[in-house]
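Scroll down for the structure; my scribbles are underneath it.
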Amino acid sequence: MFLQVKIPESDQIALKFLWWSEGNPAQLGEEYCMTVHPFGAVSSSFCASFALRKTANLYGHDYPSSITDAVQSGFYVDDLLLSVDDQIEARSTISSLTQLLGRAGFKLTKWASNQREVLTQIPSDERNVLVKELSDGTLPTEKALGLAWDMEGDSFIYQFEMKECPVTRRLLLSRLSAIYDPLG
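Heads up: take any position in the sequence shown, counting from 1, add 5, and you land on this note's numbering.
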């Protein structure tokens with residue numbers, strides 16, 4: 006997503022880098038400026054989030070409020086975690102989000118769902134790699150915001166290791182705090 010967000014020309018000087026066309030650092034390097042936000046820059050995540058929200062503000066009036074709300078508050082960095090009530094709403098939401106964000110040059114990919122019928126409506130190249138090929142087997146478990154999501158059972162799985170040792174309140178609190186939950 007970061008590579009889809011342009012850097013204003015006046016700020017590009019802050020992201021200069023040297024490039025050696027022959028791969029030899031003994032030669033004189035050529036100076037270039039980044040024109041899009043790179044992975045690893047501290048500001049990239051904020052700027053991408055700002056661009057998503059700005060897109061919702063600029064073009065959201067053509068869509069239901071649930072769609073603009075999803076863009077405003079459903080993204081965690083570049084992952085969208087969203088739940089809807091039924092398959093019809095899921096298809097409509099996917100279509101609307103794709104259109105809305107497409108207006109600003111964002112292409113949503115890596116779609117996943119716990120409903121096969123919804124997944125079959127999504128082109129395979131836009132699906133999550135684990136559900137590109139749908140078979141008659143069970144749906145896989147996928148990482149979603151640092152948690153394991155069992156698509157078949159539509160539930161989160163908290164994975165942690167509990168070593169054999171005397172159980173104390175301090176130990177329980179420590180183990181509970183060790184479970185990664187970015188949403189608090």
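Beta carbons are placed, not taken as given, at the ideal position from N, Cα and C, and that holds for glycine.
As the structure is a prediction and not an experimental result, all values here were calculated from the model.
Buried or exposed by the 16-neighbour rule on C-beta atoms within 10 Å, applied to residue i
{"i": "alanine 95", "result": "buried"}
{"i": "glutamine 100", "result": "In the sequence as displayed, the identity of residue 100 is serine instead of glutamine. It is exposed - the Cβ of serine 100 has fewer than 16 other Cβ atoms within 10 Å."}
{"i": "valine 123", "result": "buried"}
{"i": "phenylalanine 51", "result": "exposed"}
{"i": "leucine 177", "result": "exposed"}
{"i": "serine 182", "result": "exposed"}
{"i": "leucine 57", "result": "buried"}
{"i": "leucine 63", "result": "exposed"}
{"i": "threonine 125", "result": "exposed"}
{"i": "tryptophan 154", "result": "buried"}
Whole-angstrom distance between residue j and residue i, CA atom to CA atom
{"i": "leucine 85", "j": "lysine 148", "result": "12 Å"}
{"i": "lysine 137", "j": "threonine 173", "result": "45 Å"}
{"i": "arginine 132", "j": "lysine 168", "result": "38 Å"}
{"i": "lysine 59", "j": "valine 76", "result": "10 Å"}
{"i": "glutamate 27", "j": "proline 128", "result": "41 Å"}
{"i": "serine 179", "j": "phenylalanine 55", "result": "35 Å"}
{"i": "leucine 105", "j": "tyrosine 68", "result": "8 Å"}
{"i": "tyrosine 37", "j": "phenylalanine 7", "result": "18 Å"}
{"i": "methionine 39", "j": "isoleucine 12", "result": "8 Å"}
{"i": "alanine 61", "j": "threonine 73", "result": "5 Å"}
{"i": "serine 88", "j": "alanine 117", "result": "11 Å"}
{"i": "threonine 146", "j": "glutamine 120", "result": "13 Å"}
{"i": "leucine 102", "j": "lysine 115", "result": "13 Å"}
{"i": "aspartate 83", "j": "serine 49", "result": "11 Å"}
{"i": "serine 70", "j": "asparagine 29", "result": "54 Å"}
{"i": "serine 78", "j": "glycine 34", "result": "43 Å"}
{"i": "serine 267", "j": "glycine 65", "result": "There is simply no residue 267 to check, as the chain begins at 6 and stops at 189 in what is shown."}
{"i": "glycine 107", "j": "leucine 113", "result": "8 Å"}
{"i": "valine 47", "j": "phenylalanine 80", "result": "18 Å"}
{"i": "alanine 109", "j": "alanine 53", "result": "12 Å"}
Terminal residues of the beta strand (DSSP E) in which residue i lies
{"i": "threonine 114", "result": "Taken as a continuous stretch (DSSP letters only), threonine 114 belongs to no beta strand (DSSP E), as it is neither H nor E."}
{"i": "alanine 149", "result": "146-149"}
{"i": "lysine 1", "result": "Given that the chain is displayed from residue 6 to residue 189, the structure contains no residue 1 and the question cannot be resolved."}
{"i": "cysteine 38", "result": "35-38"}
Endpoints, the alpha helix (DSSP H) within which residue i is located
{"i": "alanine 95", "result": "92-107"}
{"i": "tyrosine 163", "result": "It is not in any alpha helix (DSSP H) - tyrosine 163 carries neither H nor E in the DSSP assignment."}
{"i": "cysteine 52", "result": "47-64"}
{"i": "aspartate 155", "result": "Segment 152-155 is the beta strand (DSSP E) holding aspartate 155; no alpha helix (DSSP H) there."}
{"i": "glutamate 122", "result": "121-125"}
{"i": "leucine 191", "result": "The structure shown does not extend to residue 191, since the chain is modelled only from 6 through 189, so no value can be given for it."}
{"i": "aspartate 74", "result": "70-78"}
Integer-rounded CB distance, given that residue j should sit under 8 Å from residue i
{"i": "methionine 156", "j": "leucine 144", "result": "4 Å"}
{"i": "phenylalanine 111", "j": "glutamine 32", "result": "Contact doesn't hold; Cβ gap of about 39 Å is too wide."}
Chain B contact for residue i (CB, 7 Å cutoff)
{"i": "proline 69", "result": "Protein chains in the displayed structure number just one, and chain B is not present."}
Taking contact to mean 3 or more Cβ pairs, one atom from each stretch, closer than 8 Å, check whether the segment 7-23 and the segment 31-47 are in contact. yes
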